[in-house]
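Below: one structure, written as structure tokens.
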Amino acid sequence: MIANEEKYMKAAIKQAKKAYSIGEVPIGCVIVYDGRIIARGYNRRTTDKNTLAHAEIIAIRKACKKMGDWRLEGCTMYVTLEPCPMCAGALLQSRIDGCVVGCMNPKAGCAGSVTNILEMDGFNHKVAVMTGVLEEECSGMMKQFFKELRGRKEK
């Protein structure tokens, strides 16, 4: 099972690298249904000048179109960084089955770091969470991006 998780996380990392290449925080994700990637997304907030242009939201929108429904039951999201509150809420609302996370986000993560909206009792749906898949690669990309960003700001 881990081999599949890594395969799909590598596809999410590829999306994150697209964000990195355009100067965006390198977050990427893919959504998988029935063993196939049905949607991809990467962070585009600055590029699109849109608060909602998170990788997860972009991928959810594409997956809904592909599935022909707002419900993404049977789907799993693979995302390089733990979802924020907005994206965790969108995962719940989409009825997605699972979320596989590369690295955690101790300042804004809602799949276990700050809170765990995805598996919280009280909501009518829960999203199964798996963390730490290709964590070093995902975390290293984030650290490198912010190191370079700080370097540009110091000049």
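Numbering (my numbering), first residue to last: 18 to 172.
Note that CB positions come from ideal geometry on N, CA and C, so glycine has one too.
Only a predicted model underlies this, so the values are computations on that prediction, with no experimental measurement involved.
Annotation note: the segment 72 to 124 contains the following uninterrupted alpha helix (DSSP H) runs of length 4 or greater, listed N- to C-terminal: 72 to 84, 102 to 111. Burial state of Arg169 is exposed, judged by a 10 Å Cβ sphere holding fewer than 16 other Cβ atoms.
Under DSSP, Met147 shares a beta bridge with Val117. Annotated three-state conformation of Arg62 is helix, per DSSP. Thr64 has its alpha-carbon roughly 26 Å from the corresponding atom of Cys116. The C-alpha of Ala29 lies about 22 Å from the C-alpha of Lys66. Closest in C-alpha terms to Asn141, from the list Ile113, Met121, Arg78, comes Ile113. Around the CB of Glu41, 16 or more other CB atoms lie within 10 Å, so the residue is classed as buried.
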